[in-house]
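Residue numbers (my numbering): 44 to 369. Idealized CB from N, CA, C, for every residue including glycine.
So this is what it looks like as structure tokens:
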């Protein structure tokens, strides 16, 4: 990496369990450029991926960096939940000689980007019009299940929710869902929402349903292969697994909307749902979202939007996290 320093340059990153997305910002308020996606599995450490990106860019090293990562940020030491990368924030800051390093959860970063998302990058799934100035909820299934939101600060701005709502207990309501929940408990010791509403969760659910039905299938060990079997081959257990994921996601989204009072709307991101396209619109998601007994009417008017952005909006949120710095 070049020893030269860009006095105003900013490195932005959105690091998930599968891919790390990087971008460059020449200064505060400048557009993001040079977006590049690197596979996490190709690098032994986050730092190695950062070096690879910066060396390929050839702009020298940045003065500041903001990294949105799929993990809770509770102190200097960061160890990813769904990947093996682990690091010290202080060590990363020193290695790259950064004037400032901001670490934040990837869905906290995505939440920060919500006010700036254009309508062309949102597809509405039911509900009415979001109430301005009211809380907004956010969740998304991918390698894991990310959960966040925005709360009004009382002064026209927003405060992002920093939590780990993807690890709440799985809200099973049917016999088949309880069958899967019991299976996940045998496999992992606990059945959290993420254990089903994720890529691995789709595979595990499909496998458990096949086992229960005495169906022997091979060659479907990835979320993409199960989804393809569901959407194109209409394989029964694959289709049931995908419908169950969407139903559970709806239950979790409804719980989140009630908890936050998200009359401003609910946003669905992550890697799985946007790839399902219009099929998701008729999935069990919306019915389960509204299925909250006495509060069904409350949720009926709450709009849900699928985030369809081609480029990770969490990078924009990471840039927002550096607001106010030089």
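Checklist entry - Quick one: Cα of residue 44 to Cα of residue 135, how far? => result Low per-residue confidence applies at residue 44: pLDDT is 40, beneath 50, and the placement is therefore not dependable, though the value from the model is reported in the following sentence. Approximately 15 Å between the Cα atoms of the pair.
Item to check | Segment contact flag, the segment 168-179 with the segment 329-346, C-beta cutoff 8 Å, min 3 pairs | outcome: yes
Checklist entry - Is the beta carbon of residue 361 less than 8 Å from the beta carbon of residue 141? => result no
Next on the checklist: For residue 288 and residue 78, what's the separation of their Cα atoms in angstroms?
Outcome noted: 31 Å
Next on the checklist: With DSSP as the reference, identify every bridge partner of residue 317, one or two as the case may be.
Outcome noted: Answer is none; residue 317 lacks a bridge partner.
Checklist entry - residue 89 and residue 130 look like a contact to me (Cβ under 8 Å); what is the Cβ gap, rounded to whole Å? => result 5 Å
Checklist entry - Is there contact between the segment 148-167 and the segment 98-112, where contact requires at least three CB pairs shorter than 8 Å? => result yes
Item to check | Residue span of the alpha helix (DSSP H) that contains residue 356, given as start and end | outcome: 356-364
Item to check | Backbone secondary structure at residue 51 - three-state DSSP | outcome: coil
Next on the checklist: I'd like to confirm the pairing. Which residues does DSSP put opposite residue 130 in its beta bridges?
Outcome noted: 121
Checklist entry - At which residue ranges does the segment 231-292 contain complete alpha helix (DSSP H) runs of 4 or more residues, listed in the order of the chain? => result 236-239, 242-256, 266-274
Item to check | Secondary structure of residue 45, DSSP reduced to three states | outcome: Note that residue 45 scores a pLDDT of 44, beneath 50, so its modelled location is shaky and nothing firm can be said.
Checklist entry - Which first and last residues belong to the beta strand (DSSP E) in which residue 210 is found? => result Here residue 210 belongs to no beta strand (DSSP E), and DSSP marks it neither H nor E.
Checklist entry - Distance, Cα to Cα, residue 191 vs residue 301? => result 13 Å
Checklist entry - Is it the case that the Cβ atoms of residue 295 and residue 236 are separated by a distance below 8 Å? => result yes
Checklist entry - How about residue 193 and residue 226: do their beta carbons lie closer than 8 Å? => result no
Checklist entry - Thinking just about the alpha-carbon of each residue, which of 255, 178, 268, 241 is nearest to the one in residue 199? => result 178
Item to check | Reduced DSSP secondary structure (H/G/I, E/B, other) of residue 332 | outcome: helix
Next on the checklist: Please return the same chain residues whose Cβ sits closer than 6 Å to the Cβ of residue 66, not counting the five positions on each side in sequence.
Outcome noted: 55, 75, 78, 358
Checklist entry - Which of helix, strand or coil does DSSP assign to residue 73? => result coil
Checklist entry - Any chance the CB of residue 74 is under 7 Å from a heavy atom of the ligand MG? => result No copy of the ligand MG occurs in the structure displayed, which carries no ligand at all.
Checklist entry - Sorted by chain position, which residues of the same chain lie with C-beta nearer than 7 Å to residue 354's C-beta, five sequence neighbours on each side aside? => result 78
Checklist entry - Using the beta-carbon count (16 or more within 10 Å), is residue 98 buried or exposed? => result exposed
Next on the checklist: So residue 293 and residue 242 are supposed to be a Cβ contact under 8 Å. How far apart are they, rounded?
Outcome noted: Not a contact, Cβ separation roughly 18 Å.
Next on the checklist: Strictly by DSSP, which residues pair up with residue 183?
Outcome noted: 189, 312
Next on the checklist: Classify residue 247: buried if its beta carbon has 16 or more other beta carbons within 10 angstroms, exposed otherwise.
Outcome noted: buried
Item to check | Under the three-state DSSP convention, the category residue 57 falls into | outcome: strand
Checklist entry - Would you say the segment 155-166 touches the segment 115-131, given that touching needs at least three Cβ pairs under 8 Å? => result no
Item to check | Between the CA atoms of residue 80 and residue 180 - distance to the nearest angstrom | outcome: 27 Å
Checklist entry - Taking the continuous alpha helix (DSSP H) assigned at residue 65, which residues delimit it? => result Counting along the chain, residue 65 falls outside any alpha helix (DSSP H), though it belongs to the beta strand (DSSP E) covering 62-68.
Checklist entry - If you run the structure through DSSP and keep just helix, strand and coil, what is residue 78? => result strand
Next on the checklist: Can you tell me whether residue 113 is helix, strand or coil according to DSSP?
Outcome noted: coil
Checklist entry - Between residue 368 and residue 73, what straight-line distance do the alpha-carbon atoms span, to the nearest angstrom? => result Summary for residue 368: the model assigns pLDDT 48, below 50, so the residue's position carries little reliability, and this model does not support an answer.
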